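Numbering (my numbering), first residue to last: 414 to 655.
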């Protein structure tokens with residue numbers, strides 16, 4: 414059983430949203446993703462997908478994309494990105510999954526999971542550059558909300574770890590999965606980084622950043638590793654987490 418991560422699948426099986434306008438790496442990207450996924454991931458594995466899963470505007474449009482993901486090998490843990498307009502309440506999403514027999518997808522929202530020795534926490538986050546955010550958005554308010562949601566997730570994770578036998582708990586690697594990067598170039602989201610410190614989370618995986626392929630695979634800040642996992646950055650191959 415292995416754990417992988419990959420963000421920004423940007424599926425569009427029922428809507429007309431070509432991605433190759435964002436660069437040649439996106440040409441035939443769904444086929445690239447499917448082929449790379451099937452080579453890397455087995456049915457016993459888990460893949461974390463932190464956001465921008467589908468271009469759909471509602472659950473009806475998202476159905477084809479979610480069924481596509483469900484049919485790929487492994488279990489999937491998904492969270493929301495800025496383009497996931499189809500996302501709904503946990504209750505409605507769970508009911509939708511049950512109605513459509515989607516059995517391999519779980520939600521990461523104010524909760525946490527332990528898979529093997531990896532603690533999985535996370536939240537969406539917010540734009541690293543306020544100029545790119547929706548003009549009507551209250552930047553400070555949203556960041557405070559996202560820090561609060563990450564705190565809820567980390568608290569849930571702490572409870573899961575506390576329930577383990579001591580010899581298992583000490584082997585846990587605490588990870589956070591976000592859509593937006595809390596650290597990017599000169600930007601540091603202090604509110605999010607402080608939550609990571611408070612809960613001793615030493616790895617943060619993030620997506621959202623596209624077309625920037627010269628970023629280091631790992632950036633360390635204040636003892637925390639920040640790791641980009643946008644699909645095009647990874648050339649559509651899920652990244653194995655050790």
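From the three backbone atoms N, C-alpha and C, an ideal C-beta is built for every residue, glycine too.
All of these numbers come straight from a predicted model, not from anything done at the bench.
Cutoff 7 Å; reference residue i; Cβ partners in own chain excluding five residues on either side
i, result
"residue 659", "This structure leaves residue 659 out entirely; the chain is present only between 414 and 655."
"residue 652", "417, 418, 419 and 642"
"residue 499", "467, 469, 470, 471, 472, 474 and 475"
"residue 560", "604, 605 and 608"
"residue 481", "424 and 426"
"residue 647", "419"
"residue 510", "518"
Contacting residues, own chain, Cβ-Cβ under 8 Å from residue i (five flanking each side not counted)
i, result
"residue 451", "485 and 486"
"residue 542", "600"
"residue 520", "490, 491, 492, 503, 506 and 507"
"residue 573", "525, 526, 527 and 532"
"residue 577", "527 and 585"
Chain-order list of residues whose beta-carbon lies under 6 Å from that of residue i (same chain, five-residue window excluded)
i, result
"residue 639", "596, 617 and 632"
"residue 488", "459 and 517"
"residue 624", "436"
"residue 602", "595"
"residue 621", "592 and 593"
"residue 569", "524 and 525"
Beta-bridge pairing of residue i - partner residues as DSSP gives them
i, result
"residue 518", "489"
"residue 462", "491"
"residue 633", "638"
"residue 574", "The partner list for residue 574 (beta bridge, DSSP) is empty, contrary to what the question assumes."
"residue 467", "424"
"residue 591", "536 and 619"
"residue 586", "531"
"residue 597", "600"
"residue 472", "Note: residue 472 sits in no beta bridge, so no partner."
"residue 417", "460 and 653"
"residue 643", "420"
Spatially closest choice to residue i from the options, by CA coordinates
i, options, result
"residue 527", "585, 609 and 599", "585"
"residue 424", "479, 601, 626 and 456", "479"
"residue 415", "531, 630, 463 and 515", "531"
"residue 456", "483, 628, 654 and 567", "483"
"residue 533", "463, 499 and 421", "463"
"residue 565", "509, 605 and 454", "605"
"residue 607", "563, 630 and 619", "563"
"residue 545", "646, 593, 655 and 619", "593"
"residue 583", "619, 627 and 529", "529"
"residue 514", "549, 477, 522 and 501", "477"
"residue 598", "512, 549 and 629", "629"
"residue 421", "654, 645 and 577", "645"
"residue 619", "465, 627 and 433", "465"
"residue 522", "454, 461, 547 and 581", "461"
Heavy atom of the ligand COA within 7 Å of residue i beta-carbon
i, result
"residue 533", "Here there are no bound small molecules, and the ligand COA is not part of this structure."
Cutoff 8 Å: residue i Cβ touching any chain D Cβ
i, result
"residue 468", "Protein chain content of the structure displayed is limited to a single chain, and chain D is not contained in it."
* To do: Would you check if the segment 420-440 and the segment 545-562 touch, i.e. whether three or more CB-CB distances between them fall below 8 Å?
  => no
* Cβ contact (3+ pairs, closer than 8 Å) linking the segment 619-638 and the segment 424-431 -> no
* With contact counted as at least three CB pairs below 8 Å, one residue from each stretch, are the segment 491-502 and the segment 528-541 in contact? -> yes
* Mind the definition here: the segment 607-621 touches the segment 577-592 only if three or more C-beta pairs lie below 8 Å; say whether that holds. => yes
* **Residue ranges of each beta strand (DSSP E) within the segment 520-571, 3 or longer** => 526-528 and 531-536
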